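When we follow full-length UniProt numbering, the leftmost residue of the sequence shown carries the number 1, and every step to the right adds one. One structure is given here, and the rest of the page talks about it.
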Amino acid sequence: MSKQVNTADEQDEIQHMDYIYMVNDDKLMIRMNAELDHHLAEEMRQVIDDVIDKRGVTHIVFDFTKVDFMDSAGIGLIMGRYKKVMDKGDITIVGVRESVKRILLISGLHKIVNIYELKGQEA
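Structure follows, in structure tokens:
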């Protein structure tokens, strides 16, 4: 896992072993490349909050195409970022696999974030 530290105003795109994020105006796109567990969620929380605070991001898109597992820390990550942007923006999750979709539905996150399933996924 890379431990390179970048501030939100250094670059518009940051690549990391477990994620890539890109900032464009008030939008943040995060492509996850690993399980969203408590280890990754804590790091992502710091990165996303830094980008929100320094770049004025109000719209967040999580690309979960490669995420096949998410625990309660992932739910907390999404919920906390929703609370930060809900007044002026929104959160969208794309590429959701069936296993993660169940967690999003059980947690109730589907009521506050836009969720789009991964099409053509293997069983």
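Here a beta-carbon is modelled for each residue, glycine too, at the ideal position from N, C-alpha and C. Since the structure is predicted, the reported quantities are computational estimates derived from the model, not experimental observations.
From this set, the options, which residue's C-alpha is nearest residue i's C-alpha?
{"i": "V96", "options": "Y116, K88, D90", "result": "Y116"}
{"i": "D68", "options": "L109, Y21, L104", "result": "L104"}
{"i": "V113", "options": "H16, S72, F62, H38", "result": "F62"}
{"i": "Q46", "options": "T65, D87, Y21", "result": "Y21"}
Might you give, ordered along the chain, the residues of its own chain that have their beta carbon closer than 6 Å to the beta carbon of residue i, omitting 5 neighbours on each side?
{"i": "L36", "result": "V67, M70, G74"}
{"i": "S2", "result": "In this prediction, S2 has a pLDDT of 38, which is less than 50 and means its spatial position is unreliable; what the coordinates show is noted afterwards. Excluding sequence neighbours, S2 sits near H16, M17."}
{"i": "T92", "result": "V61, N114"}
{"i": "R102", "result": "none"}
{"i": "M79", "result": "none"}
{"i": "K83", "result": "none"}
{"i": "I52", "result": "K84"}
Less than 8 Å between the C-beta atoms of residue i and residue j, yes or no?
{"i": "A34", "j": "D18", "result": "yes"}
{"i": "residue 124", "j": "V100", "result": "Because the chain here runs from 1 to 123, residue 124 falls outside it and cannot be looked at."}
{"i": "I60", "j": "V85", "result": "yes"}
{"i": "I106", "j": "R81", "result": "no"}
{"i": "L77", "j": "M44", "result": "yes"}
{"i": "L118", "j": "T65", "result": "yes"}
Looking only at its own chain, which residues have a Cβ that is under 8 Å from the Cβ of residue i, when we skip the five neighbours before and after it?
{"i": "G89", "result": "D26, V57, T58, H59, I60"}
{"i": "residue 135", "result": "An answer regarding residue 135 cannot be provided, because it is not within the stretch 1 to 123 covered by the chain."}
{"i": "E42", "result": "A73"}
Tell me which same chain residues have a C-beta within less than 7 Å of the C-beta of residue i, skipping the five on either side of it?
{"i": "H38", "result": "D71, A73"}
{"i": "R31", "result": "Y19, I20, D63"}
{"i": "L40", "result": "D18, A34"}
Discussion item. Threshold first: 4 residues or longer. Then list the alpha helix (DSSP H) segments lying entirely within the UniProt domain "STAS" (17-123), N to C.
Written reply: Under the rule that a run must span 4 or more residues, the alpha helix (DSSP H) segments found entirely inside the UniProt domain "STAS" (17-123) read 38-55, 72-85, 98-107.
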